[in-house]
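Student: Residue numbers 1 to 409, in the UniProt record's numbering, belong to the letters of the sequence shown in order. Quick one: the structure is below, and I'll ask about it shortly.
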Amino acid sequence: MKLHLTGPANNQLNDTITITGSKSESNRSLLLAALFKDIKIENISNSDDAQVMAKGLKISDGTVDIHHAGTAMRFLTGFFSSQEGKEVILTGSKRMTERPIKILVDALRSLGAEISYEQEEGYPPIKIKGQRIVKDKVSLPANVSSQYISSLLLIAPSLENGLELELVGKITSVPYIKMTLALLEEIGVETSFQGNIIKVSAKDKVAPTTLVVESDWSSASYFYGICALAAPGTEITLSAYKQKSLQGDSVLADIYTSFGVETTFGEHKITLRKTDKKVLAENEFDLANAPDIAQTIAVTCFGLGVGCHLVGLHTLKIKETDRLEALHTELSKLGANISVTDKTLTIIPSETIIPEVAIDTYNDHRMAMAFAPLAMKTTMFVNDAEVVSKSYPDFWNDLKQLDFSIKEL
């Protein structure tokens, strides 16, 4: 599906959007609910990833195809490894077979899991024969994707002796680790995180608990981008959010003050307001703890005609696509002066935006949504726009609610 996008005629917006539950929280909650039957979930994400995760958790044997869902791949690898008597082959899209899983597999094997590779060593598809796991100590490099770490922590309370996890080196993506631990504590599991050691106690069963999933801050990022590129006085209200969020991407509220967007917290909602604050010509952010908002921030800076230097992006190369190279390619098509390394991105200030450019999305939902706010500045096209269903199926309809003109070609 190819879309033609144009922003609102007066460049000023005032509306309210309801965003579905966080994909990250939903997938964690779904796994915990599969381990402990007394857990119920409210405001669950309607994303493809959450649906794939929920479906996968119900399978006992055979092939589990998670398509493009990287979180599901990592979480289900841990889950099935600990489910004695279950035997599955965990696979996904072509891109998924190119995304490494070896670090997690090695850690689980050291605990006693039985996992083998069906094709290339270190990559899906993998065959898992669920085992009773009694070992309780394991280590991982501290700078790996937090999904590897959370995969181990989520199954830890169901293991016979719990788990002590040592993270070796400098820890990144701390907010996602803390999200996992907070959800474990919410269902009554004892945890500790001191220095580089995380401990999770074993638990046979939990008291009846309802986990209410907060709306997705990653999805909110695109409306921050829209607000930053809109005229002063623009107000967009998003629900349902809370000020003390478990999600690392909630740092958006602080970051976007640099782009003239103020955030006001209300009861289960946030209101974004574009001010007339002058935007700095150069901006630097360390996104090691919130890499999923890098694309949005890069596009925002380009759209505002300001520069940026983004660091801490080492995990972006193994996402749905190599996001750094994808950003370099697509922003260059629009006229950006951009350079990337394997963990940084730099944009030189420029007021040039080439109109009528078609953005390729690389099977990456965030590429489609991160570039969409540029329609506030120029007419553009988005190829394979249906990819947004991975995390935010209602995205294009919500933009129409904000008076974006969106035509399918």
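Note that beta-carbon positions come from the ideal geometry of N, C-alpha and C, so glycine has one too.
Since T180 is in the beta strand (DSSP E), which residue starts that stretch and which ends it?
Tutor: Segment V174 to E186 is the alpha helix (DSSP H) holding T180; no beta strand (DSSP E) there.
Student: Alpha carbon to alpha carbon, how far is N161 from A202?
Tutor: Approximately 6 Å, taken between the alpha carbons.
Student: In this structure, what does DSSP give as the bridge partners for P141?
Tutor: V168
Student: In this structure, does DSSP put G266 in helix, strand or coil?
Tutor: strand
Student: Taking buried to mean at least 16 other C-beta atoms within 10 Å of its own C-beta, is I297 buried or exposed?
Tutor: buried
Student: Could you give the uninterrupted runs of the alpha helix (DSSP H) lying entirely in the stretch 69-144, keeping only those of 4 residues or more?
Tutor: Qualifying alpha helix (DSSP H) stretches, in chain order: 70-81 and 102-111.
Student: Under 8 Å by Cβ, that's how I've got R5 and L31 pegged, so tell me the actual separation to the nearest angstrom.
Tutor: The displayed chain sequence assigns Leu, not Arg, to residue 5. Between L31 and L5 the Cβ distance is about 36 Å, and since that is not below 8 Å, they are no contact.
Student: I'd like the list of long-range same chain contacts for T329, defined as Cβ closer than 8 Å, with 5 residues on each side in sequence excluded.
Tutor: Same-chain partners within the cutoff: D360.
Student: Please go through the same chain and pick out, in chain order, the residues whose beta-carbon is closer than 7 Å to the beta-carbon of V299, but skip the five residues on each side of it.
Tutor: G225, A370, F371, P373 and L374
Student: Sort L211, A207 and I236 by Cα distance to residue 411 and report the nearest one.
Tutor: Summary: the structure shown does not reach residue 411, with the chain confined to residues 1 through 409, and so no result is reported for it.
Student: Short of 6 Å in beta carbon distance, which residues of its chain neighbour M53, apart from the five on each side in sequence? Order them along the chain.
Tutor: N27, L30 and A72
Student: Tell me the rounded alpha-carbon separation between F11 and G307.
Tutor: Inspection of the sequence shows that residue 11 is occupied by Asn rather than by Phe. Taking the straight line joining both Cα atoms gives about 22 Å.
Student: Helix, strand or coil for Q194? Go by DSSP, reduced to three states.
Tutor: strand
Student: Since I believe V311 is in contact with T344 (beta carbons under 8 Å), could you give me their beta-carbon distance rounded to a whole number of angstroms?
Tutor: Yes, they are in contact, since the Cβ atoms of T344 and V311 sit about 5 Å apart, within 8 Å.
Student: Given that a residue counts as buried once 16 or more other Cβ atoms are within 10 Å of its Cβ, and exposed if not, what is P232?
Tutor: Only exposed fits P232, as fewer than 16 other CB atoms lie within 10 angstroms of its CB.
Student: For A240, I'd like the list of residues in its chain whose CB is within less than 6 Å of its CB, leaving aside the five on either flank, ordered along the chain.
Tutor: S215 and H268
Student: Which residues does DSSP list as the beta-bridge partners of V382?
Tutor: L3 and I359
Student: By Cβ distance, which residues of its chain are closer than 6 Å to A253, with the 5 residues on each side in sequence left out?
Tutor: T263
Student: Report the rounded CA-to-CA distance for residue 410 versus E325, giving the unit in angstroms.
Tutor: Beyond the ends of the chain as shown, which are 1 and 409, falls residue 410; an answer cannot be given.
Student: With a 10 Å radius around its C-beta and 16 neighbouring C-beta atoms as the bar for buried, classify N283 as buried or exposed.
Tutor: buried
Student: Between I348 and the rest of its own chain, which residues show a CB-CB distance below 6 Å, the 5 nearest in sequence each way excluded?
Tutor: Non-local C-beta neighbours of I348 in its own chain, meaning closer than 6 Å and more than five positions away in sequence, comprise G307 and N337, ordered along the chain.
Student: Which class does H67 belong to by DSSP, given the choice of helix, strand or coil?
Tutor: coil
Student: With 16 as the cutoff for other CB atoms within 10 Å, does S218 come out buried or exposed?
Tutor: buried
Student: To the nearest angstrom, how far is it from the Cα of L140 to the Cα of I103?
Tutor: 7 Å
Student: Suppose contacts are defined by Cβ-Cβ distances below 8 Å. Is S82 in contact with I133 by that definition?
Tutor: yes
Student: Report, in whole angstroms, the separation of the C-beta atoms of I128 and Y117, which I expect to be a contact under 8 Å.
Tutor: About 11 Å; that fails the 8 Å criterion.
Student: I need the DSSP call for E160, collapsed to helix, strand or coil.
Tutor: coil
Student: If you draw a straight line from the alpha carbon of C301 to that of L229, how long is it in whole angstroms?
Tutor: 9 Å
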